[in-house]
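Residue numbers (this note's numbering): 198 to 726.
Cβ coordinates follow ideal geometry from the N, Cα and C atoms, glycine included.
In this text, all values refer to a predicted model and were calculated from it rather than measured experimentally.
These notes are about the structure you will find just below.
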Amino acid sequence: MMNAANFPILSVTTFLPLVGVALICLIPSRHQKAIQWTAFLVTVATFLVSLQLYFRFDTTTWQMQFVEDTSWIPQFAIRYQMGIDGISLLLVLLTTFLSAVSVLSTWTAVTERVKAYMASLLLLETGMIGVFCALDFILFYFFWEVMLIPMYFIIGIWGGPRRIYAAVKFFIYTMSGSVLMLVAILVLYFMHYEATGTYSFHILDYHKLGLPANYQFWMFLAFAVAFAIKVPMFPFHTWLPDAHVEAPTAGSVILAGVLLKMGTYGFLRFCLPIFPQASVLFVPLILILALIGIIYGAMVSLAQDDVKKLVAYSSVSHLGYCMLGMFALNADGIKGSLIQMVNHGLSTGALFLIVGILYERRHTRLISEYGGLMKVMPIFAFLFLMVAFSSMGVPGTNGFVGELLILIGAFQASLKFGLAATVGLILGAVYLLWTVKRVAYGPITKPENQVLKDMTVREYAYMLPVLLFIFWIGIYPKPFLRTMDASVAHLLESMHAPKTAHAFQPRPAWFQNLLAKADFQQLTKGQGR
């Protein structure tokens, strides 16, 4: 019998959804309920397996845990390496949880090509989990690209009227950043060999590599653009509203809940530890762009008449807070950023579920088509209000914990940035409460709304677990925060710790001239935090 310590739990968690894909392929297309139940049960099983990661996780160490390491493509030193720490644990759990919720939420929303749709959701889950677990650059990039394909089809086949435009835009934006990141990975690969005499794609090897400041500048820029597109940060955000509006409900939940977190995770896993000097140099620019995103996203949300587009633009604002906390470069800010990634996945995912419930009943997302739903759908209206409270960060909900830590970190870094960030909180409360008022309160002005049914059993089944986590994190966040303490502390220590200097061979003249333009050694003096 296999010892629990040697059980490949990360591989099982990652690839179990592919077992579901195989099972679904064996079921005739006409048996839609069997396909749906199979997909749902596989996602539930994946979530239950992933829970073992939390219960067996050692919160006292920053070291990678549940590590799996075996040779994959030895001639290029590419290995199958998996592992998680306090930075990735909660994101893996968020992925498996929201995947199960998404499958259950879409049973009546998608009635055509159900087999392909469910298979796409399961393949997408494998790609997302793999991104958060991979410890080899090529393996990471493989999962990063695997995730792109099913999401493209989910938007392009089962989306709204402008689905082709939204899917192509999503693909082009993401692929452009991916290619830039791949070039940077290969450059790092050869630089590592030049510095150490060994080829390696192991991500943690690069955390120890002391790159010259000029090299850090360009490598950081390449990775940052790829991750900024995925976040999405202003001004790389324009693909997001189109993708959200056209995607089916489950696609929007996964897109907001998990896919956007790959960008913020990338900054934490790669940019900060591998390029610490460049990260410090770019702090002012990142913080300014984060604040612009916070205010801009909130203002544009306030102007929307489509409730789904409103929620989509709110993601630009909320992810701005994640970037603000992260680049405050202190423990409170980074922990706030991490927990807010989880909070955003729950809160905004729940908002998209709310929108999906409305759309299935009325087949319109225009706010003006609603009003007075409290009279005919009182439980739905109550849940809508609770989720809105969570999204705006009312005390007692998860959003308050994340935003409080982020603001504490922001004020520690800069009083000006901290004060500016509070404006976004006010605007967030305005557009969310105004939306709830227009949808749920007041008189019923549309005869169609008089006969709307309240929540069904299936809708309770996927909304109540989300609400449970919303209030659990808001009331007792300690079990979630303690998982990241050691990893965040180590990340900050590694950024400030001196690293081994390596002698790099002279480059061609054109490359030396390019590096000379990024000579910022003097600029970074005195900027350490």
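Exercise for the section: Provide the residue span of the beta strand (DSSP E) that contains Phe263, from first to last. Expected result: The sequence position of residue 263 within the sequence shown is 66, counting from 1. Counting along the chain, the beta strand (DSSP E) containing Phe263 begins and ends at 262-270.
Practice task
Following the continuous beta strand (DSSP E) through Ile281, name the residue where it begins and the one where it ends.
Solution key: The residue labelled residue 281 in the question sits at position 84 within the sequence shown. It spans 275-281 - the beta strand (DSSP E) in which Ile281 sits, taken as one unbroken run.
Exercise for the section: Give every residue of the same chain whose Cβ lies closer than 8 Å to the Cβ of Ser514, excluding the five residues on either side of it in the sequence, and list them in chain order. Expected result: Start at 1 with the first residue of the sequence shown, and residue 514 comes out as number 317. Answer for Ser514: Gly490, Ile491, Ile492, Tyr493, Gly494, Ala495, Ser498, Gly621, Leu624, Gly625, listed in chain order.
Exercise for the section: Report the three-state DSSP secondary structure of His389 (helix, strand or coil). Expected result: Translated into positions along the sequence shown, residue 389 becomes position 192. Of the three classes helix, strand and coil, the one that applies to His389 here is helix, per DSSP.
Practice task
Keeping to the same chain, check which residues put their C-beta closer than 7 Å to that of Asp502; ignore five residues upstream and five downstream.
Solution key: Stepping through the sequence shown from its first residue, residue 502 is reached at position 305. Cβ within range, chain order: Leu563, Ile564, Ser565.
Exercise for the section: Specify the secondary structure class of Ala525 as computed by DSSP and reduced to three states. Expected result: Here residue 525 is taken as the residue at index 328 of the sequence shown, counted from 1. When DSSP states are grouped into helix, strand and coil, Ala525 belongs to the coil group.
Exercise for the section: Classify Pro705 as buried or exposed, calling it buried when 16 or more other Cβ atoms lie within 10 Å of its own Cβ. Expected result: Looking up residue 705 in the sequence shown gives position 508. Residue confidence for Pro705 is low, a pLDDT of 47 falling below 50, so the modelled location carries little weight; the figure read from the coordinates is stated next. By the neighbour-count rule (16 or more Cβ atoms within 10 Å), Pro705 is not buried but exposed.
Exercise for the section: Report yes if the CB atom of Thr323 is closer than 7 Å to the CB atom of Leu215, and no otherwise. Expected result: Position 126 of the sequence shown, counted from the start, is the residue given in the question as residue 323. Position 18 of the sequence shown, counted from the start, is the residue given in the question as residue 215. In this structure, Leu215 lies closer than 7 Å to Thr323 by Cβ.
Exercise for the section: Return helix, strand or coil for His687, following the three-state DSSP convention. Expected result: For the purposes of this step, residue 687 is taken as the residue at position 490 of the sequence shown. Of the three classes helix, strand and coil, the one that applies to His687 here is helix, per DSSP.
Handout entry: Bridge-paired residues (DSSP) for Leu622
Key = The residue labelled residue 622 in the question sits at position 425 within the sequence shown. Partner(s): none; Leu622 has no beta bridge.
Handout entry: Contact set for Gly357: own chain, Cβ-Cβ below 6 Å, skip 5 residues either direction
Key = Mapped onto the sequence shown, residue 357 falls at position 160. In its chain, beyond the 5 residues on either side, Glu443 have a beta carbon closer than 6 Å to the beta carbon of Gly357.
Handout entry: Residue environment, Phe424, which counts as buried when at least 16 other CB atoms sit within 10 Å
Key = Position 227 of the sequence shown, counted from the start, is the residue given in the question as residue 424. It counts as buried.
Practice task
Along the alpha helix (DSSP H) that carries Pro347, what are the first and last residues, could you check?
Solution key: Taking the sequence shown and counting its residues from 1, the one referred to as residue 347 is at position 150. Start and end: 334-355.
Problem - Exposure label - Leu383; buried when at least 16 CB within 10 Å - result: Here the question's residue 383 lines up with position 186 in the sequence shown. So Leu383 counts as exposed.
Practice task
Measure the Cβ-Cβ separation of Val307 and Pro445 and say whether it is below 7 Å.
Solution key: Here residue 307 refers to the residue found at position 110 when the sequence shown is read from its first residue. Here residue 445 refers to the residue found at position 248 when the sequence shown is read from its first residue. Going by C-beta atoms, Val307 is nearer than 7 Å to Pro445.
Handout entry: DSSP state of Gly593 mapped onto helix, strand, coil
Key = Here residue 593 refers to the residue found at position 396 when the sequence shown is read from its first residue. Coil.
Problem - Cβ neighbour criterion (16 or more within 10 Å) applied to Asn595 - result: Here residue 595 refers to the residue found at position 398 of the sequence shown. Answer is buried; the Cβ neighbour count reaches 16.
Exercise for the section: Please work out which residues of its chain come closer than 6 Å, Cβ to Cβ, to Pro347, disregarding the five sequence neighbours upstream and downstream, and give them in chain order. Expected result: As a first step, residue 347 must be located in the sequence shown, where it is residue number 150. Closer than 6 Å at the Cβ level, and outside the excluded window around Pro347, lie Ser317, Leu320, Leu321.
Practice task
Thinking Phe433 and Met378 are a contact (beta carbons under 8 Å), I'd like their distance in whole angstroms, please.
Solution key: Residue 433 sits at position 236 when you count from the first residue of the sequence shown. Residue 378 sits at position 181 when you count from the first residue of the sequence shown. Wrong, their Cβ atoms sit about 14 Å apart, outside the cutoff.
Handout entry: Range of the contiguous alpha helix (DSSP H) that encloses Tyr396
Key = Translated into positions along the sequence shown, residue 396 becomes position 199. Premise fails: Tyr396 is in no alpha helix (DSSP H) and is neither H nor E.
Problem - Residue burial classification, Leu213 (beta-carbon count within 10 angstroms, cutoff 16) - result: Counting from one through the sequence shown, the residue named residue 213 turns up at place 16. Burial call: buried.
Handout entry: Nearest residue (CA-CA) to Asp651, options Ser691, Pro575, Pro662
Key = On the sequence shown, position 454 is the one that residue 651 refers to. Looking at the Cα atoms, Pro575 is the closest of the given residues.
Practice task
Hey, could you find the ends of the alpha helix (DSSP H) Ala425 is sitting in?
Solution key: Position 228 of the sequence shown, counting from 1, holds the residue named residue 425. Residues 410-427.
Handout entry: Given Leu661 as reference, the closest of Gly639, Leu688, Leu550 once Cα atoms are compared
Key = Numbered from 1 along the sequence shown, position 464 holds the residue referred to as residue 661. For Leu661, the nearest C-alpha among the options comes from Leu550.
Problem - Beta-carbon gap between Met325 and Thr292 smaller than 7 Å - result: Against the sequence shown, residue 325 aligns to sequence position 128. Against the sequence shown, residue 292 aligns to sequence position 95. Yes, they are a contact pair.
Handout entry: Start-to-end residues for the alpha helix (DSSP H) that takes in Gln229
Key = Translated into the one-based positions of the sequence shown, residue 229 becomes position 32. From DSSP, the alpha helix (DSSP H) with Gln229 extends over 229-252.
Practice task
Take Ser247 and list the residues in its own chain whose beta-carbon comes closer than 7 Å to its own, dropping the five residues that flank it on each side.
Solution key: Translated into positions along the sequence shown, residue 247 becomes position 50. The residues are Thr210, Val289, Leu290, Thr293.
Exercise for the section: Alpha carbon to alpha carbon, how far is Gly671 from Tyr403? Give it in angstroms, no decimals. Expected result: The residue given as residue 403 occupies position 206 in the sequence shown. The residue given as residue 671 occupies position 474 in the sequence shown. Whole-angstrom Cα-Cα distance: 36 Å.
Practice task
Please report how far the alpha carbon of Gly327 lies from the alpha carbon of Lys572, in whole angstroms.
Solution key: Here residue 327 corresponds to residue number 130 of the sequence shown, with the count starting at 1. Here residue 572 corresponds to residue number 375 of the sequence shown, with the count starting at 1. Between Gly327 and Lys572, the C-alpha separation is close to 45 Å.
Practice task
Can you say whether Cys330 is buried or exposed, counting buried as having 16 or more other CB atoms within 10 angstroms of its CB?
Solution key: The residue given as residue 330 occupies position 133 in the sequence shown. By the neighbour-count rule (16 or more Cβ atoms within 10 Å), Cys330 is buried.
Handout entry: Rounded C-alpha distance that separates Ile400 from Ile451
Key = Locating residue 400 in the sequence shown gives position 203, where the first residue counts as 1. Locating residue 451 in the sequence shown gives position 254, where the first residue counts as 1. Rounded to whole angstroms, the gap between the alpha carbons of Ile400 and Ile451 is 26 Å.
Exercise for the section: Along the alpha helix (DSSP H) that carries Asp502, what are the first and last residues, could you check? Expected result: Here the question's residue 502 lines up with position 305 in the sequence shown. Careful: Asp502 lies outside any alpha helix (DSSP H) and carries neither H nor E.
Exercise for the section: Please list, in chain order, all residues of the same chain as Met589 whose beta carbon is under 7 Å from its beta carbon, the five residues on each side excluded. Expected result: For the purposes of this step, residue 589 is taken as the residue at position 392 of the sequence shown. So the qualifying residues of the chain are Gly596, Gly625, Ala626, Leu629.
Practice task
Can you check DSSP and say which residues form a bridge with Gly374?
Solution key: Counted from its first residue, the sequence shown places residue 374 at position 177. None; Gly374 has no bridge partner.
Exercise for the section: Check whether the stretch 218-236 touches the stretch 247-264, counting contact only when three or more Cβ pairs, one atom from each stretch, lie closer than 8 Å. Expected result: no
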